[in-house]
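For the protein sequence lines, the chains are D and L, in the order given.
Using the numbering used here, the letters of the first sequence map in sequence onto residues 718 to 1002.
Using the numbering used here, the letters of the second sequence map in sequence onto residues 718 to 1002.
Report on the following structure.
Number of protein chains: 2
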Amino acid sequence: MGMMGASLALALRKSSQFEGRVFGAVRSQKSADYIRSTDLCDEVHVVSSGREAREHFDSLPESSLIVIGVPVASAVSLLGDLRGIQHLVTDMSSTRAEVEKASAGVRFVGSHPICGSEDTGPQAARPGLFETRLCIITPSPESRNEDIQVVSDFWKDLGMNVMSMTAPEHDRILAYLSHAPHVISGLMAHWGMSDAVAEAVRKSPVPLTGGGFRDMVRIAGSNPEMWLDIIRTNRREVIGSLETFQKYLADTIGLLKGDDEQKMMEWLRSARLKRNRLCGYPDDK
Amino acid sequence: MGMMGASLALALRKSSQFEGRVFGAVRSQKSADYIRSTDLCDEVHVVSSGREAREHFDSLPESSLIVIGVPVASAVSLLGDLRGIQHLVTDMSSTRAEVEKASAGVRFVGSHPICGSEDTGPQAARPGLFETRLCIITPSPESRNEDIQVVSDFWKDLGMNVMSMTAPEHDRILAYLSHAPHVISGLMAHWGMSDAVAEAVRKSPVPLTGGGFRDMVRIAGSNPEMWLDIIRTNRREVIGSLETFQKYLADTIGLLKGDDEQKMMEWLRSARLKRNRLCGYPDDK
C-alpha cells in the first residue's frame, strides 16, 4: 500500500456505500506500523514477496476484491503469482497492455483511476483522492460481465466517473494526453537550454522564462523513476504518438514558412477551441 | 496607451524616483475620457494618426522620453513618422528586429519590459506591473551611450531588472523561451484532438486531460491577434527555433526506440535539472 492504496483504504472506511472490511498488504514493517497507528485498515499484513502476498490473499473471504496498488513493473510480476486465484482482482496501474498480458489465468478486470500525485507512501494518503475523478476500466476478452460490473460499481461508489475501453485504446489515448506530454515537457527543458539560449539564461539577473514556458516544463520535474516505468511499459504507443506529433510539427513549420496571415490566424483560433474542448472549458474561454 | 502604457503612467505617478510629468497619447476619445476621469496622466491627447502623434510629441519639452506602447506592427509604422524627432524614443514591443529597422533616423533605444498580460486597454492598468520583472533593452549600433543610460535608469527606477542585448539576440532567445512555446502549445491542442484520440475525448464523462496536459495547452488559449503579430514579426527566429526543436524531438524518439534504461533515466534527470535552472528553482526541486 503506497499513496494510492492508503488513500483507497481511507476512502472505503469513510464511504457509506461500503460495509466490508479493509485488509492491507505492505512490504515494509515501517509502513505496517504507520497503517496500524493511524487505523487506516481493519487489518494489515507484511508480505515480502509475491508468493507471500498470494498466501495471504488465499486466506481472505472469497467475496473479497483484491486491488493491486504498486508500480506497473511490480504489478506485472505480482499477477504472475496470482494465477489461478479464486478472488476477483483489479489494479490501479497507469499503463494497461503489459498488465493485461500478465493477467492471463487471473480473474481480472483492469482499472486506472486517474488521480496520481507526486507524493508517495501511505503518509501521503488523502480520503478524497478519487472523488469526481475519472477511472478507466479495461476489461479483457476474458473478463466476466458480472466481474466488470463489480469493479465498475466499486469505483462509482467512491464517487468516480467510470469509462470503459480496451487496454490498447487506453494506452494509445493516455500516450497522447499524459505520457508523451511528459516527454515533450522534458524535451522543452533540454531544448530551452540548447546552445542558442544557454548563455543568456545564465547571464540574466532574473529567470528569462515567462509563465508560459514555466507551465510547459512543470511536469519535466516529475519523479524520473515513476515516469521511466510508465514510458517503458507503454513505449510503443508513446513513440507512435510522438511520431504523429512530429508530423504535426512539420506541418506547423510549413504553415509558418508559408506566412499566409489568414491560415495562421485560423490555426491559432482553432488551437484555442480544441484546447477548450480537451480541457472541458466553455468554447469562448 | 493600452494596458502597458496606462500601467506605466500609474507606476510613474506612484514612483518616488520620478519627478516629471506624464503626457498620454491615445487613439480613442473613450480611452482619453477614461484616463482623464481616473487622473492616470497629467495630460492626455487624442491623436488619430502617426502624423498627429508626431505633431503632439514635437510640442513636448525637449528632455521628454517618448515611450511607444502599441502592437509591434503599429510601432513600426509610428517610428516612420518620428524620423528626425529631437526627443529620445523607446518602446515596449515583444519583438525587436522590425522595430529596430524602422527606428533608422530616430534617436532610439529599444526596450522590452517582459510583463505582458492577457488583459487589454487602460482599464486593465496595474501600478506594480513592472516591479521586479525583467526589462531587456536592445541598443542598436546607432544608439548613443548617454541615451542607453537614460533608458536603462528609467526602467530600473520602476523596480525592473535590466539586461542589455542586441535585437537579433533578443529575438532568438525570446523565440525559444516565449514565442515558439506558444506555437508548441497550440500544436499540442491540435495533436491532442487528432484522430487517434478525438472520439475518446468526446465520449468521456469528464475531461480526459490531466493537470500536465492542461498546463501545457494553457497558452494555446492566448489572444490570437496579439500572437499572430508577435509570431509574424519574429517569424524567422520562431521557425529556426522550431527546427532545432524538431532535431531534439527526432533524437528523443531515437532514445525511446533504443530502450536503453540508463540513458533514458539520465535524460529524465537532466531534463529536471535544466528545467530548474531555466526557471530559477533550486537544483533539487
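By construction, the Cβ of each residue, glycine as well, lies at the ideal position given by its N, Cα and C atoms.
- Spanning the alpha carbons of residue 969 (chain L) and residue 769 (chain L) requires a straight line of approximately 55 Å.
- Using a 10 angstroms sphere on the CB of residue 994 (chain D), the tally of other CB atoms reaches 16 or more, which defines it as buried.
- In this structure, residue 758 (chain D) keeps its C-beta atom at 8 Å or more from the C-beta atom of residue 735 (chain D).
- Counting along the chain, the unbroken alpha helix (DSSP H) around residue 901 (chain L) starts and ends at 897 to 909.
- Note on residue 939 (chain D): 16 or more other CB atoms within 10 angstroms of its CB, so buried under the neighbour-count rule.
- The beta-carbon of residue 930 (chain D) is placed less than 8 Å from the nearest beta-carbon of chain L.
- For residue 721 (chain L), the uninterrupted alpha helix (DSSP H) run begins and ends at 720 to 731, by DSSP.
- Neighbours of residue 884 (chain L) across chain D, judged by C-beta separation under 9 Å, do not exist; the nearest C-beta is about 13 Å away.
- The alpha carbon of residue 857 (chain L) has as its nearest neighbour, out of L:885, L:950, L:840, L:956, the alpha carbon of L:885.
- At least one beta carbon of chain L lies nearer than 8 Å to the beta carbon of residue 1002 (chain D).
- Within chain L, no C-beta atom comes nearer than 8 Å to that of residue 872 (chain D); the closest sits roughly 12 Å away.
- The Cβ neighbour count for residue 801 (chain D), taken over all protein chains shown within 10 Å, is under 16; the residue is labelled exposed.
- Between the alpha carbons of residue 914 (chain D) and residue 920 (chain D) lies a gap of roughly 10 Å.
- In this structure, residue 957 (chain L) places its C-beta atom within 8 Å of the C-beta atom of residue 892 (chain L).
- About 14 Å separates the CB atoms of residue 941 (chain L) and residue 972 (chain D); that is not less than 8 Å, and the two are not in contact.
- Within the segment 723 to 752 of chain L, not one residue has a Cβ closer than 7 Å to any Cβ of chain D.
- With the rule of 3 Cβ pairs closer than 8 Å, the segment 819 to 826 of chain L does not count as touching the segment 836 to 850 of chain L.
- Contact holds between the segment 784 to 791 of chain D and the segment 805 to 813 of chain D, because three or more Cβ pairs, one in each stretch, are under 8 Å apart.
- If the five residues before and after residue 954 (chain L) are omitted, its C-beta is found closer than 7 Å to the C-beta atoms of 888, 889, 892, all from its own chain and listed in chain order.
- With fewer than three CB-CB distances shorter than 8 Å, the segment 892 to 904 of chain D does not count as touching the segment 853 to 869 of chain L.
- Taking a Cβ-Cβ cut-off of 7 Å, the neighbours of residue 899 (chain D) in chain L comprise 929, given in sequence order.
- Every unbroken stretch of the beta strand (DSSP E) spanning 3 or more residues and falling wholly within the segment 859 to 901 of chain D is given here in chain order: 878 to 881.
- Shown here, residue 825 (chain D) sits in a strand according to DSSP, grouped into three states.
- If you ignore the 5 residues before and after residue 881 (chain L), its C-beta comes within less than 8 Å of the C-beta of 853, 854, 855, 856, 865, 869, all in its own chain and listed in chain order.
- Scanning its chain for C-beta atoms nearer than 7 Å, with the 5 sequence neighbours on each side dropped, one finds around residue 879 (chain L) the residues 852, 854, 869, 872, 873, in chain order.
- Within a 10 Å sphere around the beta-carbon of residue 837 (chain L) sit fewer than 16 other beta-carbons, which makes this residue exposed.
- For residue 937 (chain D) and residue 907 (chain D), the gap between their C-alpha atoms comes out near 10 Å.
- For residue 917 (chain L), the enclosing alpha helix (DSSP H) covers residues 912 to 920.
- C-alpha of residue 754 (chain L) to C-alpha of residue 831 (chain L): approximately 28 Å in a straight line.
- Rounded to whole angstroms, the separation of the alpha carbons of residue 784 (chain D) and residue 727 (chain D) is 14 Å.
- For residue 789 (chain L), the enclosing alpha helix (DSSP H) stretches over residues 789 to 798.
- In the structure shown, residue 804 (chain L) falls within a coil segment according to DSSP collapsed to helix, strand and coil.
- In the three-state scheme derived from DSSP, where H, G and I count as helix and E and B as strand, residue 942 (chain L) is classed as helix.
- Sorting L:767, L:951, L:929, L:762 by C-alpha distance to the C-alpha of residue 996 (chain D) places L:929 at the top.
- Residue environment: residue 756 (chain L) is assigned as exposed (fewer than 16 neighbouring CB atoms within 10 Å of its CB, all protein chains considered).
- When the beta-carbon positions are compared, residue 720 (chain L) and residue 828 (chain L) stay at least 8 Å from each other.
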